[in-house]
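Under this note's numbering, the first residue of the sequence shown is numbered 3, with each subsequent residue one higher.
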Amino acid sequence: MKTNDLLQIFADENQSANVRSYTPQFKELLQAVFGAQSYFGNFFGGGVEALDGIQHNSVAFSVKTSDIPVVIGTAYNTDANTGFGTGTGKTSRFGERKEIIYTDTEVPYGWDWSFHEGIDRHTVNNDFESAVADRLELQARAKVTMFNQHEGKFISESAGKTIASGQAAVTKDNVADIFNKLSAYFVDIEAQGTKVAAVTPEVYNAIIDTGLTTTSKGSSANVDDNTILKFKGFEIEEVPTSLFQKNEVVYAYIAGVGMVLLGAEEFPEKLSYIVTEVL
Numbered sequence: 003m004k005t006n007d008l009l010q011i012f013a014d015e016n017q018s019a020n021v022r023s024y025t026p027q028f029k030e031l032l033q034a035v036f037g038a039q040s041y042f043g044n045f046f047g048g049g050v051e052a053l054d055g056i057q058h059n060s061v062a063f064s065v066k067t068s069d070i071p072v073v074i075g076t077a078y079n080t081d082a083n084t085g086f087g088t089g090t091g092k093t094s095r096f097g098e099r100k101e102i103i104y105t106d107t108e109v110p111y112g113w114d115w116s117f118h119e120g121i122d123r124h125t126v127n128n129d130f131e132s133a134v135a136d137r138l139e140l141q142a143r144a145k146v147t148m149f150n151q152h153e154g155k156f157i158s159e160s161a162g163k164t165i166a167s168g169q170a171a172v173t174k175d176n177v178a179d180i181f182n183k184l185s186a187y188f189v190d191i192e193a194q195g196t197k198v199a200a201v202t203p204e205v206y207n208a209i210i211d212t213g214l215t216t217t218s219k220g221s222s223a224n225v226d227d228n229t230i231l232k233f234k235g236f237e238i239e240e241v242p243t244s245l246f247q248k249n250e251v252v253y254a255y256i257a258g259v260g261m262v263l264l265g266a267e268e269f270p271e272k273l274s275y276i277v278t279e280v281l
C-alpha cells in the first residue's frame, strides 16, 4: 500500500519556519491502532512492520526464496569403485550432490491511500496539540478499517485450499462437519503453530448453538456472554461478514504466517503484504 499522507500546521509562532509534517507521529499511532483494531492482525503477527526512508515506489522489499526440495539419499555406498578406484573424481559415496540456489523474489506494494489536511492556529478553535492528536487518531482508525478490508481479500487470495460446506448455509447442525474437515486438512499438511479460524457472526453463533460447547465436554463457550475461545482445535475470532469475500465464511490459518509492511517515504507511504507460509 502506498499513501500520500500530510497533516500540516500553519501560522506558527515563527512565520518563517517550514510547515511541519506529522508523518512519523502518524506512523507510530497507526501501528498502535492496528495492534488493537485489526481483525486479522494475528495472521500478520499482530503488528505492522514500518521502514523509513524507502527508495522504491513499487517494490517493498526482496526475499531470498528457494523451491529446491529436500532429497533424502540412499544408504552410504561403500563400493570399491565409488569415490575411489575407477570412480575417483567421478562419483560420490553420498550419491548425487544437489546444488542449492536462492533467487531474489520481489514483494510489491499492494494498495494506496491519501489524505491532506491542515491546521491554522487562527481558525482551528481548539488547542493546537489536541487538534493534531485528534486528527491523527481519526485518520489512523480510518486507515485500519481499510486494512481490514484489504487483509480479508489478501487472506482469501492466499489460501492453499478451499473447503465447501455442501450446504446453502452454515448451521449448528453442519458446522462441526466443516471444522472436522478443516482440522483433518491441517493435520494432514503437518501444520505447526496456533490454529486460528476467523468466522462470520453466522458461523460463530452456529458453533455456540451446536450443543457441543458445554462444560461437560470441557468447552470454553459462554452462552450467556455469547463467547467461545476454541472449537475443534481452532482459536475462534468473530469477524464482520463484510470483511469476507463473497460466499466465504471461514478463514483458517496458522497465526503469524504473514507480515504487513508500511514503507515510509517523506511522502508517500506504502504498504505490502507477504505470506511466509501458505497453508
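For each residue, glycine too, the CB sits at the ideal point set by N, CA and C.
#### Entry: Distance between beta carbons of Ile-256 and Ala-199, contact taken as under 8 Å
The sequence position of residue 199 within the sequence shown is 197, counting from 1. The sequence position of residue 256 within the sequence shown is 254, counting from 1. At roughly 11 Å, the Cβ-Cβ gap does not stay under 8 Å, so Ala-199 and Ile-256 are not in contact.
### Task
Ignoring anything shorter than 4 residues or poking outside the segment 42–109, list the alpha helix (DSSP H) runs there in chain order.
none
#### Entry: Bounding residues of the alpha helix (DSSP H) (the contiguous stretch that carries Ile-180)
Locating residue 180 in the sequence shown gives position 178, counting from the first residue. Element bounds for Ile-180: 177–190.
### Of the residues Ile-74, Ile-165 and Thr-147, the one placed nearest Gly-37, counting alpha carbons only
On the sequence shown, residue 37 is found 35 positions in, with the first residue counted as 1. Ranking Ile-74, Ile-165 and Thr-147 by Cα distance to Gly-37 puts Thr-147 first.
### Task
Return the chain-ordered list of same chain residues with a C-beta closer than 8 Å to the C-beta of Leu-138, the five sequence neighbours on each side being excluded.
If you number the sequence shown from 1, residue 138 lands on position 136. So the qualifying residues of the chain are Leu-9, Tyr-24, Gln-27, Phe-28 and Leu-31.
### Message
Please tell me whether Gln-247 and Gly-162 are closer than 8 Å, where the distance is taken between their beta carbons.
### Response
Numbered from 1 along the sequence shown, position 245 holds the residue referred to as residue 247. Numbered from 1 along the sequence shown, position 160 holds the residue referred to as residue 162. Cβ atoms of Gln-247 and Gly-162: not closer than 8 Å.
### Task
For Glu-240, I'd like the list of residues in its chain whose CB is within less than 7 Å of its CB, leaving aside the five on either flank, ordered along the chain.
Position 238 of the sequence shown, counted from the first residue, corresponds to residue 240. Cβ within range, chain order: Val-201, Pro-203 and Tyr-206.
### Task
Determine the contact status of Phe-156 and Lys-234, defining contact as a CB-CB distance below 8 Å.
In the sequence shown, counting from the first residue as 1, residue 156 sits at position 154. In the sequence shown, counting from the first residue as 1, residue 234 sits at position 232. Cβ atoms of Phe-156 and Lys-234: not closer than 8 Å.
### Message
Tell me the rounded alpha-carbon separation between Thr-164 and Thr-173.
### Response
By one-based count along the sequence shown, residue 164 stands at place 162. By one-based count along the sequence shown, residue 173 stands at place 171. The straight-line gap from Cα to Cα measures roughly 19 Å.
### Query
Under three-state DSSP, which class holds Tyr-206?
Within the sequence shown, the letter at position 204 stands for residue 206. Helix at Tyr-206.
### Message
Here's the rule I'm using: 16 or more other beta-carbon atoms within 10 Å means buried, otherwise exposed. How should Thr-80 be labelled?
### Response
By one-based count along the sequence shown, residue 80 stands at place 78. Exposed, since its Cβ has fewer than 16 Cβ neighbours within 10 Å.
### Query
Any idea which residues DSSP pairs Tyr-255 with across the strands?
Locating residue 255 in the sequence shown gives position 253, where the first residue counts as 1. Beta-bridge pairing links Tyr-255 to Val-198.
### Query
Out of curiosity, what's the CA-to-CA distance linking Val-251 and Phe-45?
Within the sequence shown, the letter at position 249 stands for residue 251. Within the sequence shown, the letter at position 43 stands for residue 45. About 16 Å.
### Query
DSSP on Ile-121, reduced to helix/strand/coil?
Residue numbering aside, residue 121 sits at position 119 when the sequence shown is read from its first letter. Three-state DSSP puts Ile-121 in a strand.
### Query
Is the segment 103–122 in contact with the segment 59–75, if contact means three or more CB pairs nearer than 8 Å?
yes
### Query
Are there 16 or more other CB atoms within 10 angstroms of the CB of Leu-264, so buried, or fewer, so exposed?
Position 262 of the sequence shown, counted from the first residue, corresponds to residue 264. The residue is buried, with at least 16 neighbouring Cβ atoms inside 10 Å.
### Task
Return the Cβ separation of Tyr-253 and Ser-158 in integer angstroms, given the expectation that the two are a contact with Cβ distance under 8 Å.
As a first step, residue 253 must be located in the sequence shown, where it is residue number 251. As a first step, residue 158 must be located in the sequence shown, where it is residue number 156. Confirmed, Cβ separation roughly 7 Å.
### Message
Looking at the strands, I want to know which residues DSSP matches up with Glu-237.
### Response
Along the sequence shown, one-based indexing puts residue 237 at 235. Answer is Val-198 and Lys-232.
### Message
What ranges does the alpha helix (DSSP H) occupy inside the segment 113–164, keeping only unbroken runs of at least 4 residues that lie completely in it?
### Response
130–160
### Query
What is the C-beta distance between Ile-121 and Val-134, in whole angstroms, given that I count them as a contact (C-beta under 8 Å)?
Working through the sequence shown from its first residue, we reach residue 121 at position 119. Working through the sequence shown from its first residue, we reach residue 134 at position 132. Rounded, the Cβ-Cβ distance is 7 Å, consistent with contact.
### Helix, strand or coil at Val-262 according to DSSP, with G and I counted as helix
Position 260 of the sequence shown, counting from 1, holds the residue named residue 262. Note: Val-262 maps to strand in three-state DSSP.
### Query
Buried or exposed: which applies to Val-262, given that a residue is buried once 16 or more other Cβ atoms fall within 10 Å of its Cβ?
Sequence index remark: in the sequence shown, residue 262 carries index 260 (1-based). Classification of Val-262: buried, given that the 10 Å Cβ count is 16 or more.
### Message
Using only the alpha-carbon positions, how far apart do Gly-75 and Gly-91 sit?
### Response
As a working note, residue 75 is residue 73 in the sequence shown. As a working note, residue 91 is residue 89 in the sequence shown. Approximately 19 Å, taken between the alpha carbons.
### Message
Within 10 Å of its beta-carbon, does Val-259 have 16 or more other beta-carbons around it, so buried, or fewer, so exposed?
### Response
Along the sequence shown, read from residue 1 onward, the residue named residue 259 stands at position 257. Buried: at least 16 other Cβ atoms inside 10 Å.
### Task
Out of Thr-196, Ala-208, Ala-170 and Asn-150, point me to the one whose CA is closest to Leu-245's CA.
As a first step, residue 245 is located in the sequence shown; it is residue number 243 there, counting from the start. Minimum Cα distance to Leu-245 is reached at Asn-150.
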